[in-house]
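Novice: Protein chains in written order, with the numbering used here: chain P, 79 to 412; chain U, 733 to 1028.
The beta-carbon is built from N, C-alpha and C at its ideal position, and this holds for glycine as well.
Because the structure is a prediction, the values reported are computed rather than measured.
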Ligand SMILES: Cc1ncc(C[n+]2csc(CCOP(=O)(O)OP(=O)(O)O)c2C)c(N)n1
Ligand code: SF4
């Protein structure tokens, strides 16, 4: 490993290391909102020397209502697609002010937070551009609740195959409106920006893994990117008490592989690493899909199709979760 | 925040040249907007704009409009002021308790909804009104420190005394119009020109003062405002609105022209003046809005 910082290995470690809340009470997210949990862990991992920039979305509207705020960190709003520019501008300003002696020279984390629409769709070019700014240190966190949630659950390119949203209802003529497969965002950021030193996927249901990844991303320097998958009771259709369980199932079924790429080295982590090593067996995707009303209209054949796609990723991709090129291809030549 | 806007035509269709709609897009959302007509003025106005934008009484963004291509892409000779003078003119920017830094834990620009948005907009309204005074102070200090005096910061009157016809415009169209004024004056015609520098905040008082009692005011708009009152340009409409309060309301004409960077020569300006002089003689305007030079 190129960075040496103290990481959490056990829940006890985590509780000891991350006692102070920097994303605290006072927000109005739905009960069971895993995006809010992600922010809580990100804030804990980052600590007080941090500036947070939040794009429009649930994590703006629900967290910062005028005269209240959930943030015990300096926080500023940016436009829906503004995250990339805002983090570069903030990090560059801090660097310039420190170099001119106008601010004390110290390490300040800059974290840009954007939803799947704000990051992977509307803000993609800015985020991509930001990730080439290797002079500056910042983390872009994409919290992915798989819809434009704040505006009442519309489809984005990150909405998974088949899912119901207000833009992709199921009807008599067209049973599956969302026929487009979800984008492989973390992989795209990693492969497309080879100078970025840290890219990872994470999930709130695995807080140790998430916490450590945020710590590494902030420690390693330069632009970094983390993509979390966040069960959203309102948009996905399940009782809020199951948020955590649904998150775990996303990983255990192999739909959401947890990985990190540190200085070009790819590694599956936590449960996903155990799946890859054969230590645990992937659960059928059905166990995940059948728990959510957004998939209620799927037939057994639809679920088989999704299972096949997930199997393909784990068994045939050049690197599962990362590179969707098939091993059968004549490349690389043996 | 200060933005230098090289005004060009908005796509579609593509065109390199100037159209003021580029900057006018933000005219109603809290930007101060100023038009310049030389490179020197662009530089000077940039310094002034920072002074105004960063003044605690204002704190609104300023857009400095340069005519695309004509001004942004042509060579001019200009003087760069020494750093010491600039530092004297521009105090260090102090964000005070709005600094976004771990030493100052604040949340900036939260969601307000209907609870507070009216009050926040009213604050911007106050700031915009304050800006008139702050702009005057800034130009006064600028003249003292740099020795270049722009006179009235908001407008540039050119041979308007005793004029029967005054043409009004923004940006580089000032050059051919001034030439036309000189030539027509040499022939004894009582014509003048008023260049608007600051469009936001709008120089209402100056417009009334200079244009009340003039026989014909002819506004050259390098912009359009489709479906506006009388289907005129943006500048025409605003001047007409300001002059409603004038003691002696002039007749008004509007020339929409020079779009997409089409040149307005001094001959064109003379043509326009002649049409306005004709209206002045007749005491009536036959065609209020003229798309100058349009091929139909
Ligand atoms: C430019 C722009 N278009 C549309 C909106 C309306 N809007 C506000 S939040 C939002 C959804 C954002 O979705 P996402 O980034 O996925 O975040 P989420 O709401 O799911 O947390 C939209 C479309 C906006 N604020 N700005
Ligand atoms: S709609 Fe989803 S993402 Fe938004 S606050 Fe509710 S649970 Fe969280």
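(1) Under 8 Å: do the stretch 815-831 of chain U and the stretch 773-786 of chain U share three or more Cβ pairs, one atom per stretch?
(2) Under a Cβ-count criterion, where at least 16 other Cβ atoms within 10 Å of its own Cβ denotes burial, should residue 88 of chain P be classed as buried or exposed?
(3) Determine the direct distance from the alpha carbon of residue 937 of chain U to that of residue 865 of chain U, and round the result to whole angstroms.
(4) Step through the CB atoms of chain U and report whether any lies within less than 8 Å of the CB of residue 147 of chain P.
(5) With distances taken between CB atoms, is the gap from residue 887 of chain U to residue 929 of chain U smaller than 8 Å?
(6) With H, G and I counted as helix, E and B as strand and the rest as coil, what does DSSP make of residue 928 of chain U?
(7) Taking 6 Å as the limit between beta carbons, can you name the residues of its chain near residue 418 of chain P, skipping five residues before and five after?
(8) Find the residues of chain P that neighbour residue 833 of chain U, judging by a C-beta separation of less than 8 Å, and give them in chain order.
(9) Going by the beta-carbon positions, is the gap between residue 277 of chain P and residue 268 of chain P smaller than 8 Å?
(10) Secondary structure at residue 128 of chain P, three-state DSSP: helix, strand or coil?
(11) Considering only the alpha carbon of each residue, which of P:244, P:179 and P:210 lies closest to residue 162 of chain P?
(12) Please report the residue range of the alpha helix (DSSP H) in which residue 354 of chain P lies.
(13) For residue 361 of chain P, I'd like the list of residues in its chain whose CB is within less than 6 Å of its CB, leaving aside the five on either flank, ordered along the chain.
(14) Note down the Cα distance separating residue 143 of chain P from residue 91 of chain P, rounded to an integer number of angstroms.
(15) Any idea which residues DSSP pairs residue 345 of chain P with across the strands?
(16) Quick one: is residue 226 of chain P buried, meaning 16 or more other Cβ sit within 10 Å of its Cβ, or exposed?
(17) What residues of chain P sit near residue 843 of chain U, judged by a beta carbon separation below 7 Å?
(18) Using the Cα positions of residue 79 of chain P and residue 288 of chain P, report the straight-line distance between them to the nearest angstrom.
(19) Distance cutoff 8 Å, beta carbons only. Does residue 847 of chain U sit that close to anything in chain P?
(20) Along chain P, which residues have their Cβ under 8 Å away from the Cβ of residue 973 of chain U?
(21) Within its chain, find whatever has a CB closer than 7 Å to the CB of residue 755 of chain U; leave out the 5 residues flanking it on each side and keep chain order.
(22) Starting from the N-terminal end, write out each residue whose C-beta falls within a distance shorter than 5 Å of any non-hydrogen atom of ligand 1.
(23) CB-CB under 8 Å to residue 994 of chain U, same chain, minus the five flanking residues each way: which ones, in chain order?
(24) Leaving aside the five residues before and after residue 875 of chain U along the sequence, list all residues of the same chain whose C-beta is less than 6 Å from its C-beta, in chain order.
(25) Compare the C-beta of residue 105 of chain P against all C-beta atoms of chain U and say whether one is closer than 8 Å.
(26) Using DSSP with H/G/I as helix, E/B as strand and the rest coil, what is residue 855 of chain U?
(27) Return the first residue and the last residue of the beta strand (DSSP E) that residue 433 of chain P is part of.
(28) To the nearest angstrom, how far is it from the Cα of residue 347 of chain P to the Cα of residue 263 of chain P?
(29) Determine the closest residue to residue 126 of chain P out of U:901, U:915, U:835 and U:784, with distance taken between C-alpha atoms.
(30) List the residues of chain P whose Cβ lies closer than 8 Å to the Cβ of residue 838 of chain U, in chain order.
(31) With DSSP as the reference, label residue 1026 of chain U as helix, strand or coil.
(32) My guess is that residue 212 of chain P and residue 309 of chain P are in contact by the Cβ rule of under 8 Å, so how many angstroms apart are they, rounded?
(33) For residue 126 of chain P, would you say it is in contact with chain U, using Cβ-to-Cβ distances shorter than 8 Å as the test?
(34) Can you tell me whether DSSP reads residue 379 of chain P as helix, strand or coil?
Specialist: On the basis of the supplied data:
(1) Contact between the stretch 815-831 of chain U and the stretch 773-786 of chain U is present, because at least three Cβ pairs lie under 8 Å.
(2) Burial call: exposed.
(3) 13 Å
(4) Between residue 147 of chain P and chain U, the shortest Cβ-Cβ separation is below 8 Å.
(5) yes
(6) strand
(7) Since the first residue of chain P shown is 79 and the last is 412, residue 418 of chain P is not available in this structure.
(8) 129, 152, 181 and 186
(9) yes
(10) strand
(11) P:210
(12) Element bounds for residue 354 of chain P: 348-355.
(13) 330 and 331
(14) Those two C-alpha atoms are separated by around 34 Å.
(15) P:338
(16) buried
(17) 138, 139, 142, 143 and 144
(18) Caution is warranted here: a pLDDT of 49 is assigned to residue 79 of chain P, below 50, making its placement in the model unreliable, and the coordinate value is therefore given only provisionally. So the alpha carbons of these two residues sit roughly 17 Å apart.
(19) yes
(20) Here the premise fails: no neighbours, minimum Cβ distance about 32 Å.
(21) 737, 739, 765, 795 and 797
(22) P:134, P:135, P:136, P:158, P:193, P:194, P:195, P:196, P:223, P:226, P:227, P:228 and P:229
(23) The answer, listed in chain order, is 749 and 1025.
(24) 881
(25) no
(26) helix
(27) No information on residue 433 of chain P is available, as it lies outside the stretch 79 to 412 that chain P covers here.
(28) 17 Å
(29) U:835
(30) 152 and 153
(31) coil
(32) With a Cβ gap of about 34 Å, residue 212 of chain P and residue 309 of chain P do not count as contacting.
(33) yes
(34) Per DSSP, reduced to three states, the secondary structure at residue 379 of chain P is helical.
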